[in-house]
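Since the structure comes first, as structure tokens, the remarks are kept for the end.
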Ligand SMILES: *Cc1c(COP(=O)(O)O)cnc(C)c1O
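Residue numbers (my numbering): 265 to 660.
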């Protein structure tokens, strides 16, 4: 339908050096085979259910719903997955695929360390070698996650090029993959990069919306009126949206990190402030400076701090099927505190961006409307940073 030759409208594609083409073709062929292989799907479902802890709960947030006085709010609890976020789902899928392809080594990029930890986890489980590329800056800011990855048996390579953050780690992982494709799979962390990654990652994460649909039919006997999720690269959001794309009555709302505001340079709201460009193997929207170079981005949330957005989101924006709204640091922090106090659930600061928009939107909706918020991860990792944001100094 919308995915011919890895294109989503004008977005997506394969803007890669020739040296990467063989690896990409091999991956695409393997994926096209295994996605329909019943043994592969049986093993993956078993991993999802028995290792990651699926299906995740769809929880009726009664207190929050009553407090806001509008729509009935449900929380899709991806924070309950093993390793505390949705990321493990994509990683289990890609690792199993890599294993079937005969690969013995996984490489990955990581920003805050969440995807690196998930990949190191799967590598330990599958008995594979694991190398994680992480911006030098990030290895300092996220020392605990560097320790976690090493504990799980991975090697962490600090990347010093560029701004020494996530985008540079992606570039370095791609370079490494070009030089070693025989035994290595590049386990990309979101719905981005060259085709077939945006499709592969989306297909694995689509289990989120498949479950929401089933659980909603069971609990309410109907579809929700809106699904809200935060958008970094966009994997938890597309996973939450996917099975509702053809249900026109369901509003799909992606919350981007506005940082200090979309009228400042300290933002990561790609759809709201970015322009069409080509980077990391794909055509999509990117935050750019006046020369068309990738702009440094900022958000309080390390997981949303990426200057691009997955091509399928760019397309859903173009055709008006999904809405992409900016949420500031301050709004996200307030929502982080609100959900903790109201429901006893500490959301990841990434997920708090989705909660923040729901707090604004729910009161405008009638009481018979239903809104689902995807809680992409748990917030224990963010407590020290949020305390600091509020002027309190605590030791991590
Ligand atoms: C990494 C991360 C995100 C952002 O990634 P997407 O690909 O946009 O989902 C959001 N929430 C949490 C908890 C994360 O760890």
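Even glycine gets a Cβ: it sits at the ideal position worked out from N, Cα and C.
For residue i, name the three-state secondary structure that DSSP assigns.
{"i": "residue 514", "result": "coil"}
{"i": "residue 509", "result": "coil"}
{"i": "residue 652", "result": "helix"}
{"i": "residue 561", "result": "coil"}
{"i": "residue 526", "result": "coil"}
{"i": "residue 519", "result": "strand"}
{"i": "residue 448", "result": "strand"}
{"i": "residue 552", "result": "strand"}
{"i": "residue 289", "result": "helix"}
{"i": "residue 318", "result": "coil"}
{"i": "residue 333", "result": "coil"}
{"i": "residue 442", "result": "helix"}
{"i": "residue 372", "result": "strand"}
{"i": "residue 298", "result": "helix"}
{"i": "residue 411", "result": "helix"}
With a 10 Å radius around its C-beta and 16 neighbouring C-beta atoms as the bar for buried, classify residue i as buried or exposed.
{"i": "residue 627", "result": "exposed"}
{"i": "residue 281", "result": "exposed"}
{"i": "residue 555", "result": "exposed"}
{"i": "residue 651", "result": "exposed"}
{"i": "residue 414", "result": "exposed"}
{"i": "residue 659", "result": "exposed"}
{"i": "residue 411", "result": "exposed"}
{"i": "residue 297", "result": "exposed"}
{"i": "residue 483", "result": "exposed"}
{"i": "residue 548", "result": "buried"}
{"i": "residue 632", "result": "exposed"}
Indicate, with yes or no, if ligand 1 has a heavy atom lying under 6 Å from the CB of residue i.
{"i": "residue 641", "result": "yes"}
{"i": "residue 495", "result": "yes"}
{"i": "residue 349", "result": "yes"}
{"i": "residue 504", "result": "no"}
{"i": "residue 499", "result": "yes"}
{"i": "residue 358", "result": "no"}
{"i": "residue 614", "result": "yes"}
{"i": "residue 473", "result": "no"}
{"i": "residue 479", "result": "no"}
{"i": "residue 320", "result": "no"}
{"i": "residue 513", "result": "no"}
In whole angstroms, what is the alpha-carbon distance linking residue i and residue j?
{"i": "residue 398", "j": "residue 575", "result": "23 Å"}
{"i": "residue 408", "j": "residue 302", "result": "39 Å"}
{"i": "residue 335", "j": "residue 589", "result": "19 Å"}
{"i": "residue 564", "j": "residue 503", "result": "23 Å"}
{"i": "residue 394", "j": "residue 462", "result": "22 Å"}
{"i": "residue 430", "j": "residue 567", "result": "9 Å"}
{"i": "residue 519", "j": "residue 365", "result": "36 Å"}
{"i": "residue 495", "j": "residue 586", "result": "12 Å"}
For residue i, decide whether its Cβ has a neighbour in chain D, counting only Cβ atoms nearer than 7 Å.
{"i": "residue 386", "result": "Absence of chain D from the displayed structure is noted, only one protein chain being present."}
Report the start-end ranges of each alpha helix (DSSP H) in the segment 338-364 that is 4 residues or longer and not cut off at the edges.
The qualifying runs are 351-364.
Ignoring anything shorter than 4 residues, give me the alpha helix (DSSP H) runs that lie fully in the segment 604-630, in order along the chain.
With a minimum length of 4 residues, the continuous alpha helix (DSSP H) runs that stay inside the segment 604-630 are 613-625.
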